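A quick write-up on the structure given underneath.
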Amino acid sequence: MTELSERPVGRPTRAAARSPEAGTRSRMSPGRARLELLVVGFAALMVSMSQGLLVPVLPILPAELNTSHTNAEWLLTSTLLVAAVAVPLLGRLGDMFGKRLMLLVALAALAVGSLICALTDNVGLMITGRALQGVSTAAIPLGISLLMSLLPRERVGSAIALISAMLGVGAALSLPLAGVIGEHADFHVLFWITCVGGVVAFAGMLALVPEGPGRGGGRVDLVGTALLSAGLVALLLPLAETANWGWGSARVLGLLALAVVLLTTLVVVERRIREPLVDIATLRRRPLVLTNLASLLFGFALFASMIGTASYVQAPEATGYGFGSSMIVGGLALLPSGLCMLVLAPVSARLVTILGAGRTLALGAVIVAAGWGMRIVFTGSLWQIILGTTIVGVGTGVGYAAMPSLINAFTPPTEIAAANGMNTLFRAIGSSLASAIGGSILVAQTMSVGSAELPSLTGYRELFALCAGAGIAAAVAALAIPRGRRSAPEATA
Numbered sequence: 001m002t003e004l005s006e007r008p009v010g011r012p013t014r015a016a017a018r019s020p021e022a023g024t025r026s027r028m029s030p031g032r033a034r035l036e037l038l039v040v041g042f043a044a045l046m047v048s049m050s051q052g053l054l055v056p057v058l059p060i061l062p063a064e065l066n067t068s069h070t071n072a073e074w075l076l077t078s079t080l081l082v083a084a085v086a087v088p089l090l091g092r093l094g095d096m097f098g099k100r101l102m103l104l105v106a107l108a109a110l111a112v113g114s115l116i117c118a119l120t121d122n123v124g125l126m127i128t129g130r131a132l133q134g135v136s137t138a139a140i141p142l143g144i145s146l147l148m149s150l151l152p153r154e155r156v157g158s159a160i161a162l163i164s165a166m167l168g169v170g171a172a173l174s175l176p177l178a179g180v181i182g183e184h185a186d187f188h189v190l191f192w193i194t195c196v197g198g199v200v201a202f203a204g205m206l207a208l209v210p211e212g213p214g215r216g217g218g219r220v221d222l223v224g225t226a227l228l229s230a231g232l233v234a235l236l237l238p239l240a241e242t243a244n245w246g247w248g249s250a251r252v253l254g255l256l257a258l259a260v261v262l263l264t265t266l267v268v269v270e271r272r273i274r275e276p277l278v279d280i281a282t283l284r285r286r287p288l289v290l291t292n293l294a295s296l297l298f299g300f301a302l303f304a305s306m307i308g309t310a311s312y313v314q315a316p317e318a319t320g321y322g323f324g325s326s327m328i329v330g331g332l333a334l335l336p337s338g339l340c341m342l343v344l345a346p347v348s349a350r351l352v353t354i355l356g357a358g359r360t361l362a363l364g365a366v367i368v369a370a371g372w373g374m375r376i377v378f379t380g381s382l383w384q385i386i387l388g389t390t391i392v393g394v395g396t397g398v399g400y401a402a403m404p405s406l407i408n409a410f411t412p413p414t415e416i417a418a419a420n421g422m423n424t425l426f427r428a429i430g431s432s433l434a435s436a437i438g439g440s441i442l443v444a445q446t447m448s449v450g451s452a453e454l455p456s457l458t459g460y461r462e463l464f465a466l467c468a469g470a471g472i473a474a475a476v477a478a479l480a481i482p483r484g485r486r487s488a489p490e491a492t493a
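Here it is in structure tokens:
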């Protein structure tokens, strides 16, 4: 295990300053740095868009594919389950064999998976394609880790903020785009967009972005991979299926119990392996525990913003809160949120430099809580809904910019990609919890509108209050993160 030593945030070690990597970074031209950032940023955007494009058109897919609603829901569930396994696995493989190589694998999976979905009306083949798209989720933490090793140090902060912002930008763009295509064109066009985007990103990565330094090599931990994969599937599958199975069903409780057993076994096994898939000693450090907890809470609040805004805006006016808007308007209501995350990325990076990553993360969490507080109080006008959602997006962008800096500060260089992958995994778990818990709240608090049962304003307010609480809890966790920075000492020849 690499021993780590304390040093203030933002001050490089002498070893780092003397390393060949540092010299290469300092000689990189601004144009070259922008080009590499553009390629990785575009890749992150396409991956993020692929995750949200199907959500608005999901209700029409059973009829389009001549299948059941349950089968159609697997178009989302398969992506979630594969992503949960692929993110930490490809992150670890990136540390071992090259981050760019694994990033190319992820982008190839996006292109091939999208192509399969674009060419078929068979729901089984489409689920397979969506599962392949799930592999591409690893591209975002891999891209962040790769840029950390390639760019000049003074550009790393803004690069992290920009790539992190793409998570919100992609979601904000995908929903209105899917709404337009769902209403006016064949839904297969959505997959052609991500297929072409994946091919362009793959080609750009292959031609313009070099491999980063610091490949550790080693052997793949097959036992850890099997335990982690099975444990995550056992955890996330019941969360995805609570609406169909019910929280108290034997399947949900049994799978959750199995997840506890498998993940506990994983911890025991990984502590005894020389080259583990998941370095438990690193992962259990207090700063990483708190950062990953904050990531889970941010993931909860952001995903709830997606499910709690589009459906809210589209609800009939007879509900007393909805605006009877179209699918397109419901998606456009989220667009300012994503655009603010993009525009404010340099500001977020500057905040990390001035305040430190921990305090910046806390600030972002407080802004998220304030946005949800506004959503609870102000319900009368569409602009109030959009403003509240935009505030949530601003806070999320600030928080997302800080998380990779914290991960990098307290992780050995040979484990950076894996650690960022685990942080992304916790964010995905938060999103799954938002889907399961948020869906349960909205189903439990309903009102009759004609012959339909729709979520009531009380149900939405309960969900918003839970999200505000998640923001406050994330702020508390962030403030508890030590302000020091850890870095690996100089390697001996």
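Sequential numbering of the sequence shown, starting at 1, is according to the numbering used here. In this text, a Cβ means the ideal position worked out from N, Cα and C, and glycines have one as well. Bear in mind that the values here come from a model prediction, so they are computed numbers and not experimental data.
Close Cβ partners of residue i (< 6 angstroms) along its chain, the five nearest in sequence each way excluded
i	result
L239	S432, A436
A434	F300, F303, A304
V87	T137, A138, G421, T424, L425
L459	The sequence given here has Gly at residue 459, not Leu. Closer than 6 angstroms at Cβ, skipping near neighbours: I441, L442, Q445.
G179	P56, M327, I328, G331
A493	Low per-residue confidence applies at A493: pLDDT is 30, beneath 50, and the placement is therefore not dependable, though the value from the model is reported in the following sentence. Contacts found: none.
S174	M49, G52, L53
Y321	T379, L457
I280	V267, E270, R271
G388	G371, M374, R375
L477	According to the sequence shown, residue 477 is Ala rather than Leu. Around A477: L290, L293, A294.
A419	I407, T411
I429	L296
I481	P287, L290, G358
R92	L277, A418
C-alpha distance - residue i paired with residue j, whole-angstrom precision
i	j	result
E64	D121	8 angstroms
G439	E462	11 angstroms
F97	G41	22 angstroms
G168	L54	16 angstroms
A315	L339	24 angstroms
E317	L235	38 angstroms
I307	F464	11 angstroms
A171	L406	24 angstroms
L84	S325	Looking at the sequence shown, residue 84 is not Leu but Ala. Computed Cα separation, rounded: 34 angstroms.
L110	L227	25 angstroms
E453	G395	33 angstroms
A473	V366	9 angstroms
A22	R32	Any answer about A22 is weak, because its pLDDT of 41 lies below 50 and its placement is not dependable; what the coordinates show is given next. About 16 angstroms.
H188	L479	46 angstroms
T24	L351	Because T24 sits at a pLDDT of 48, beneath the cut-off of 50, its placement in the model cannot be relied upon, and the point is left open.
A475	G469	10 angstroms
R251	L147	42 angstroms
L283	V289	7 angstroms
R285	W383	43 angstroms
L256	L237	9 angstroms
Y495	W192	The structure shown has nothing for residue 495, since the chain only spans 1 to 493.
P412	I160	18 angstroms
V260	F323	43 angstroms
G113	L190	12 angstroms
V223	E415	19 angstroms
E275	I181	47 angstroms
V449	S381	20 angstroms
Neighbourhood of residue i by C-beta, 7 angstroms cutoff - its chain only, sequence neighbours within 5 removed
i	result
I127	W74, L75, S78
P176	I328, G331, L332, L335
L162	L37, G41, A345
L208	L35, E36, V39
I391	I367, A370, G371, M374
L107	A43, S136, A139, G198, A201, F202, M205
I386	A333, P336
R427	S295, L296, F298, G299
A230	L262
V233	L81
T225	L89, L277
DSSP beta-bridge partners of residue i
i	result
M447	L454
Integer Cβ distance of residue i from residue j, believed to fall under 8 angstroms
i	j	result
G212	S149	3 angstroms
G218	A417	With 8 angstroms as the limit, G218 and A417 do not qualify as a contact, their Cβ atoms being about 13 angstroms apart.
I116	L132	7 angstroms
G545	S348	Shown here, the chain extends from 1 to 493; a query on residue 545 therefore has no answer.
M102	L142	6 angstroms
P30	R100	Actually they do not touch by this definition, with Cβ atoms about 21 angstroms apart.
Close beta carbons around residue i, own chain, < 8 angstroms, minus the five adjacent residues each side
i	result
A72	L58, L61, P62, L65, V123
L151	R25, M28, A33, E36, L37, A159
Chain D within 9 angstroms of residue i, Cβ atoms only
i	result
T446	Note that chain D does not occur in the displayed structure, where there is just one protein chain.
Next on the checklist: Three Cβ pairs or more, each shorter than 8 angstroms: is that satisfied between the stretch 342-357 and the stretch 395-415?
Outcome noted: yes
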